[in-house]
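For reference, the structure is listed below as structure tokens.
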Ligand code: NAD
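Numbering (the numbering used here), first residue to last: 119 to 427.
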């Protein structure tokens, strides 16, 4: 399994480390428009690899070097500076995707390749990459709200003293400020959230839910304030998505692909079954009226941003 990572800044490097540590990849090539940075990352990661799985890691200085890649991960582009929203990156990062995707497509097998998008604003970049690549939407996959979902599960698990792995709750819609917490379908250990709270004598009143929503949506802003950027969470999310694809696991992940939301074709996150050929199915969870309208609003925001390109 050969993987290419385009963009080897904070996120691309964390992705490379997390992917290397899955042990599922035999070759990883790194490309960045800053060739010195890519070479340095490949050196450092190559040294790290001697302590773990044997992965051949090289920097390439042109797109021919990605030939033979089964999966291409795009993590290039500007990141948020303190106070910036993801949407503030729109025009700049659209140019980055316009630069990268055609060159990637000239050097991969379009019949099989899977593109994984990480660059923000994520959902709009998925729409752009899908239209530029002309690949089926099922093989142009954004990490979407995988990270937001992980944040929700972590916060809920700490509030309710249960492992995050037993929490089944999803964040839907935009990977951004209009994301929607799907409380209605949340379960823990097979119990609806309210039943779990009743049985375990936990209280989760509306005020706590509002606080949790705020913390989930603002997690990236807090991390950026504290350490300048976010990278570990997204690195782990990409590696998890990759594992699901490589092992054809058919796990349900909140990924973003271009699909129908109501009458609109838009990329946003829903629980989707992911396997070797990419997204194989999309699930529509139960939603309250407020969650449904929140999802439609989120889709409209993404679509409007795409139209502004
Ligand atoms: P960074 O500035 O550390 O690195 C970006 C890298 O992209 C740089 O090395 C730069 O040289 C490279 N680059 C820029 N344009 C390029 C081009 N045209 N071709 C090749 N390489 C190019 O930024 P970062 O912190 O690594 O963030 C990267 C992206 O990931 C940002 O858009 C950020 O917002 C996004 N991100 C997404 C999530 C998510 O959940 N999807 C989470 C965190 C960050």
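All residues carry an ideal CB built from backbone N, CA and C; glycine is no exception. As the structure is a computational prediction, the values presented were derived from the model and not from experiment.
- Here residue 177 carries a strand assignment [DSSP, helix/strand/coil].
- For residue 122, the three-state secondary structure derived from DSSP is strand.
- Under the three-state reduction of DSSP output, residue 203 falls in the coil class, being neither helix nor strand.
- In the same chain as residue 280, and ignoring 5 residues on each side of it, the C-beta atoms closer than 7 Å to its own belong to 306, in chain order.
- Inclusion of residue 120 and residue 145 in the CB contact set at 8 Å is warranted, their separation being smaller than that value.
- Around the CB of residue 317, fewer than 16 other CB atoms lie within 10 Å, so the residue is classed as exposed.
- Each residue's CA atom was taken as its position, placing residue 140 and residue 188 some 16 Å apart.
- Between the C-alpha atoms of residue 407 and residue 252 there is a straight-line separation of about 35 Å.
- Bridge partners of residue 362 according to DSSP: none are assigned.
- One alpha carbon belongs to residue 227, the other to residue 254, and they sit about 13 Å apart.
- Within the model, the alpha-carbon separation for residue 344 versus residue 229 is close to 43 Å.
- Within the model, the alpha-carbon separation for residue 212 versus residue 243 is close to 7 Å.
- Beyond the five residues adjoining it in sequence on each side, residue 409 comes within less than 8 Å, by CB distance, of 290, 298, 299, 300, 301 and 302 in the same chain, given in chain order.
- The closest CA to that of residue 369, considering only 388, 333 and 319, is found on 388.
- Within the chosen limit of 7 Å, ligand 1 does not reach the beta carbon of residue 248 with any heavy atom.
- Taking C-alpha positions only, residue 236 is separated from residue 320 by approximately 36 Å.
- DSSP places residue 409 within a helical segment (H, G or I) once states are collapsed to three.
- Counted as a single uninterrupted DSSP element, the alpha helix (DSSP H) harbouring residue 220 occupies residues 208–223.
- If you draw a 10 Å sphere on the C-beta of residue 165, you find fewer than 16 other C-beta atoms in it, and that means exposed.
- For residue 149, the closest alpha carbon among the candidates 181, 308 and 128 is that of 181.
- For the pair residue 383 and residue 256, the Cα-to-Cα distance works out to about 13 Å.
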